[in-house]
Amino acid sequence: MNFLVKNFKFLLLIILYDIDNVRSSPELYITNNAPSMLDSNITFTAILRNYDSKDQLMYKFDDGILMKEYKTVSHNVSMNRSFPSSLYKADFYYMNVSVLAETFFFDKTVASNFSRFELKSVL
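What the sequence shown shows, in the working numbering, is residues 2 to 124, in sequence order.
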């Protein structure tokens, strides 16, 4: 019986630890000011919440055609980018954003999310 009580306490401790980690997990919010016309700019903003580290972070913005990276300690990053008609057509696209923390051996993904945007030939 004593063995069961000790194991139950240990299991309960693990469950409480996991609940706390989920409750305080980093969240990434992505916004944009689309729709926009081809050959014009769209601003994407990434806001990282529930992350306390002051370490340098790498923000990767990738729509499947062009990728842009920013290194910063900020938890708020905006990217203004043009969408040339030579590479894009009028359609809906997704901007995938990943935030990575650099470690000694590899980059650890802190959070990721995406934002849908539309490019039009005429507004």
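Every residue gets a Cβ at the ideal spot worked out from N, C-alpha and C, and that includes glycine. This one's a predicted model, so the numbers in the text were calculated from it and none came from an experiment.
Presumed contact (8 Å Cβ cut-off) between residue i and residue j, rounded CB distance
{"i": "Ile200", "j": "Phe84", "result": "A question about residue 200 goes unanswered here, because the residues of the chain that appear run from 2 up to 124."}
{"i": "Asp63", "j": "Asn97", "result": "5 Å"}
{"i": "Leu39", "j": "Ile66", "result": "About 13 Å separates the two Cβ atoms, so there is no contact after all."}
According to DSSP, residues forming a beta bridge with residue i
{"i": "Asn51", "result": "Its beta-bridge partners do not exist; DSSP assigns none."}
{"i": "Phe93", "result": "Glu119"}
{"i": "Asp108", "result": "Glu103"}
{"i": "Ile31", "result": "Ala47"}
{"i": "Val98", "result": "Phe62 and Asn114"}
{"i": "Ser37", "result": "Leu120"}
Extent of the continuous beta strand (DSSP E) to which residue i belongs
{"i": "Phe62", "result": "Leu58 to Asp63"}
{"i": "Val78", "result": "Asn77 to Ser83"}
Sequence-distant residues of its chain with Cβ nearer than 6 Å to residue i (five each side left out)
{"i": "Arg50", "result": "Glu28"}
{"i": "Lys109", "result": "Ala102"}
Nearest-angstrom Cα separation, counted from residue j out to residue i
{"i": "Asp56", "j": "Ser26", "result": "17 Å"}
{"i": "Ile31", "j": "Tyr94", "result": "14 Å"}
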